[in-house]
Ligand code: SF4
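Numbering (the UniProt record's numbering), first residue to last: 1 to 327.
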């Protein structure tokens with residue numbers, strides 16, 4: 001039987017009238033990387049916070065390594081500490097400035113009453129490319145990139161099965177983003193943990209993710225193997241995101257016409273009827289305004305899409321080539 005580090009079923013998270021997450025189903029296999037991609041405000045970070053149970057979901061279930069943790073309280077969650085860790089976007093805000101780096105990195109082991117903590121802290125720091133002496137420093141003496149390495153060391157010291165990485169590089173200086181991304185990729189390969197990589201930047205995950213799930217306004221619109229999402233994206237929103245992502249080849253970059261989505265993301269308080277993307281979709285038809293598109297499998301590896309215009313074999317419009325979709 002296939003082993004999953006994470007299974008999220010029909011997850012719902014409402015904050016009063018705000019429907020931040022509205023029926024998300026996704027799985028992460030043991031040892032694999034799934035990228036959860038969407039614009040700011042799509043609800044992707046809320047999914048991450050539910051998974052590590054910083055939030056209690058309004059509905060649905062969350063299973064970590066086969067255990068249902070959806071409604072466990074703090075005490076009941078204790079035995080599941082090794083199942084999941086999280087790295088946040090902003091290392092400055094997530095590291096307690098009153099503690100030394102060594103205390104911060106060793107904290108998960110203290111909570112688990114482990115022995116030999118200083119030696120394990122040195123090893124964890126070395127693994128993320130920091131010298132052991134950094135353990136005696138305060139986080140505010142470090143650069144942004146070093147602080148994020150400290151967060152990664154803390155998240156991985158307990159050898160979790162699953163790491164939730166919530167925009168781990170987007171608060172960092174552009175010059176150090178690639179190094180931190182490469183570090184995460186190397187660690188994932190060497191240590192073999194599963195990873196849910198949450199990002200707004202589809203291009204950042206092209207070489208890291210085994211699978212990609214694309215989120216729009218609280219729901220998944222497309223998910224599947226990386227090669228299919230990048231090679232034959234079927235949902236107009238995925239196509240638009242890909243058309244805007246920078247490519248390394250300057251000639252190809254100049255030839256590109258990003259699909260403009262026009263208006264901002266609509267409000268999650270009163271999401272559009274029918275397909276939630278219809279207010280910005282360049283190829284929307286009448287049906288899109290009234291009928292909610294169901295998610296269907298359209299290709300190998302469980303490639304799924306929720307769009308009325310995509311047929312069962314995955315063929316449909318490509319907004320990157322539709323007249324009027326580009327400026
Ligand atoms: Fe566009 Fe309609 Fe497909 Fe939604 S269902 S993505 S509005 S074509």
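From the three backbone atoms N, C-alpha and C, an ideal C-beta is built for every residue, glycine too.
The beta-bridge partner set that DSSP reports for residue 275 is empty.
Within the same chain, 177, 180, 181 come within 6 Å of residue 169 by CB-CB distance, once the 5 residues on both sides are set aside. If you check the CB distance, residue 146 and residue 134 come in under 9 Å. Taking 8 Å as the cut-off, one finds at least one heavy atom of the ligand SF4 near enough to the beta carbon of residue 284. For residue 288, the enclosing alpha helix (DSSP H) stretches over residues 286-290. Short of 6 Å from the beta carbon of residue 14, and not among the five residues preceding or following it, lie these beta carbons of its own chain, in chain order: 58.
Straight-line spacing of the CA atoms in residue 253 and residue 295 works out to 32 Å. Of the candidates 103, 187, 38, the residue whose Cα lies closest to the Cα of residue 20 is 38. Taking residue 111 as reference, the option from 206, 91, 77 with the minimal CA-CA separation is 77. Within the DSSP secondary-structure output, residue 225 pairs in a beta bridge with 211. Relative to the ligand SF4, the beta carbon of residue 120 is positioned no closer than 8 Å to any heavy atom. Annotation for residue 148: the continuous alpha helix (DSSP H) segment containing it runs 144-156. In the three-state reduction of the DSSP assignment, residue 264 falls in the coil class, being assigned neither a helical nor a strand state. At least one heavy atom of the ligand SF4 sits closer than 8 Å to the Cβ of residue 275. Assignment of residue 195 by DSSP, reduced to helix, strand and coil, places it in the strand class. With a threshold of 16 other beta carbon atoms within 10 Å, residue 152 meets it and is buried. Taking a cut-off of 8 Å for Cβ pairs, the segment 43-54 and the segment 235-253 do not touch, as fewer than three such pairs fall below it.
Rounded to whole angstroms, the separation of the alpha carbons of residue 235 and residue 95 is 39 Å. The segment 101-119 and the segment 192-210 do not touch, with fewer than three beta-carbon pairs separated by less than 8 Å. At least one heavy atom of the ligand SF4 sits closer than 8 Å to the Cβ of residue 310.
Burial check for residue 86: the Cβ neighbour count within 10 Å reaches 16 or more, so the residue is buried.
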